[in-house]
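J.: full-length UniProt numbering puts the first residue of the sequence shown at 1, with every later residue one more than the last.
Where a beta carbon is used, it is the ideal one built from N, C-alpha and C, also for glycine.
Since this is a predicted model, take the numbers as computed values, not measurements.
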Amino acid sequence: MLGQKVGKLSMSLIRYCKTTRDYLVPSVWGPIQKGEDPYTPQSSGGCCSIQ
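(1) Could you check whether Tyr16 and Pro38 sit closer than 8 Å to each other, using their CB atoms as the reference points?
(2) Going by alpha carbons, who is nearest to Glu36 out of Ser27, Arg21 and Val28?
(3) Compute the beta-carbon to beta-carbon distance between Pro26 and Ile32, rounded to the nearest angstrom, for a pair I have assumed lies under 8 Å.
(4) Cutting at 8 Å between CB atoms, please list the residues of its own chain near Val28, excluding the five before and the five after it.
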């Protein structure tokens, strides 16, 4: 019983790792576009913001 759960969880983790793009490893996934990069600072329209 426990072995089956571990097997299913392992397969789920492997599937996640194969299908979820890691932006910090471009050697595996290739270069990313600026708009797709969640770590690129978002530009604002000006130098100030009113809160």
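T.: With the structure as the only source:
(1) In the sequence shown, residue 38 corresponds to position 38, counting from 1. In the sequence shown, residue 16 corresponds to position 16, counting from 1. Cβ distance not < 8 Å, so Pro38 and Tyr16 don't count as in contact.
(2) In the sequence shown, residue 36 corresponds to position 36, counting from 1. Among Ser27, Arg21 and Val28, the Cα nearest to that of Glu36 belongs to Arg21.
(3) Here the question's residue 26 lines up with position 26 in the sequence shown. Here the question's residue 32 lines up with position 32 in the sequence shown. So it is a contact: roughly 7 Å between Cβ atoms.
(4) In the sequence shown, counting from the first residue as 1, residue 28 sits at position 28. Only Asp22 meet the Cβ criterion.
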